[in-house]
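Colleague: Following my numbering, the numbering of the sequence shown begins with 66 at its first residue and continues without gaps. Idealized CB from N, CA, C, for every residue including glycine.
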Amino acid sequence: MNLKRMFLLMTLGLSACQTKPSGASSPPVALEVLDVKLPDSVGAREALTVTVSVADGGCYHFTNFEAKRRSASRLAFSVQGRPLAGSVGCPPVTGRVAEIYTDPGTPARTNPFEVFVNGKSYGTVNIK
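#1: Tell me the DSSP secondary structure of Gly123 in three-state form.
#2: Report the rounded CA-to-CA distance for Gly184 versus Arg110, giving the unit in angstroms.
#3: Quick one: grab the DSSP three-state call for Ser87.
#4: Which of the three DSSP states is assigned to Glu131 in this structure?
#5: How should Asp168 be labelled, buried or exposed, when 16 other C-beta atoms within 10 angstroms of its C-beta is the threshold for buried?
#6: Determine the closest residue to Thr128 out of Ala173, Pro93, Thr171, with distance taken between C-alpha atoms.
#7: Tell me the DSSP bridge mates of Tyr187?
In structure tokens, the structure reads:
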């Protein structure tokens, strides 16, 4: 392989992803969820804390949660991120970051109360 071709391939590889958070012009994407932790039980009107683990590093960074649906028996939300921007390659995925979603408890919950993240059920919480 000649030197010019090798340089071109290395340049393309390093520019595939970027390292700075992009502006609001990039639409958010649903991030891959690595793990979700729910409490065993919570009061019908108490705050419910859901811990969501996402990858730390890579070509996207966590930006926010987006509520999708909330009823007395169900909570559904998505984990969103934006692509990185800049001129250097993506940092490696080095682990996980725990982000906290808090449901305020209105409307009052009923049993069983099921939690969905990015369209997947991660279990139920017993309502006291």
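Modeller: This is what the structure holds:
#1: Within the sequence shown, the letter at position 58 stands for residue 123. Coil at Gly123, not helix or strand.
#2: Within the sequence shown, residue 184 is the residue found at index 119, counting from 1. Within the sequence shown, residue 110 is the residue found at index 45, counting from 1. Gly184 and Arg110 have their C-alpha atoms some 24 Å from each other.
#3: Here residue 87 corresponds to residue number 22 of the sequence shown, with the count starting at 1. Legend: pLDDT at Ser87 = 47, less than 50; position of this residue unreliable, value from coordinates given subsequently. For Ser87, the secondary structure class from DSSP, reduced to helix, strand or coil, is coil.
#4: For the purposes of this step, residue 131 is taken as the residue at position 66 of the sequence shown. Assigned with DSSP and collapsed to three states, Glu131 falls in strand.
#5: Numbered from 1 along the sequence shown, position 103 holds the residue referred to as residue 168. The residue is buried, with at least 16 neighbouring Cβ atoms inside 10 Å.
#6: Working through the sequence shown from its first residue, we reach residue 128 at position 63. It is Pro93 whose Cα lies nearest to the Cα of Thr128.
#7: For this step, residue 187 is matched to residue 122 along the sequence shown. None, per the DSSP bridge assignment.
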